[in-house]
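A.B. asks: Residue numbers (this note's numbering): 392 to 511. All C-beta atoms, glycine included, are put in the ideal place defined by N, C-alpha and C. The structure displayed is predicted, hence computed values, not measured ones.
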């Protein structure tokens, strides 16, 4: 059995929709969790999920590089500037969350309507 075949067997296949190979293991886990919990199997939903997972990976990659370099860098004149990947990380996180929202996933527990009960 090849490594690729073994790798594919480790990830449960639900509704015939395995995560794309280029995703990180963490994104593949997110993919599988969402597929199993929410039963997404339509082509549009799978595309939105793929783009959301890619955005998650991009944000994580930018974060890793920022952690190595620091939040600021020096430009060619020695001036302190924000790390250019900060915007990439921010935008990728926003894209990930927008993808989850587009899939109509409730990530926050439903809150009671009205005022909280009095603490007598």
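Taking the straight line between their C-alpha atoms, what separation do you get for residue 484 and residue 443?
C.D. replies: C-alpha separation (whole angstroms): 9 Å.
A.B. asks: From the DSSP output, in three-state form, read off residue 473 for me.
C.D. replies: The answer is strand: DSSP assigns residue 473 an E or B state.
A.B. asks: Can you give the Cα-Cα distance for residue 405 and residue 412, rounded to whole angstroms?
C.D. replies: Because the pLDDT at residue 405 is just 43, under 50, the model does not fix this residue reliably, and the value given afterwards should be weighed accordingly. The straight-line gap from Cα to Cα measures roughly 16 Å.
A.B. asks: In terms of alpha-carbon separation, which member of 455, 460, 447, 495 lies closest to residue 482?
C.D. replies: 447
A.B. asks: Who pairs with residue 463 in a beta bridge, going by DSSP?
C.D. replies: As a beta-bridge residue in DSSP terms, residue 463 pairs with 473.
A.B. asks: Taking C-beta to C-beta, are residue 496 and residue 425 nearer than 9 Å?
C.D. replies: yes
A.B. asks: Which same chain residues, not among the five before or five after residue 472, have their C-beta less than 6 Å away from its C-beta?
C.D. replies: 464, 466
A.B. asks: Exposed or buried, which one is residue 397 when buried takes at least 16 other CB atoms within 10 Å?
C.D. replies: Low confidence applies to residue 397: its pLDDT is 45, below 50, so where it sits in the model is not reliable, and the reading given next is rough at best. With fewer than 16 other Cβ atoms within 10 Å, it is exposed.
A.B. asks: With residue 426 as the anchor, note down where its alpha helix (DSSP H) starts and where it stops.
C.D. replies: It spans 416-429 - the alpha helix (DSSP H) in which residue 426 sits, taken as one unbroken run.
A.B. asks: With distances taken Cα to Cα, identify the nearest neighbour of residue 520 among 478, 460, 439, 417.
C.D. replies: Residue numbering for the chain in the displayed model covers 392 to 511; residue 520 lies beyond these limits and cannot be assessed.
A.B. asks: Buried or exposed, going by whether 16 or more other CB atoms sit within 10 Å of the CB of residue 400?
C.D. replies: Annotation note: pLDDT 41 at residue 400 (below 50); position unreliable, no value reported.
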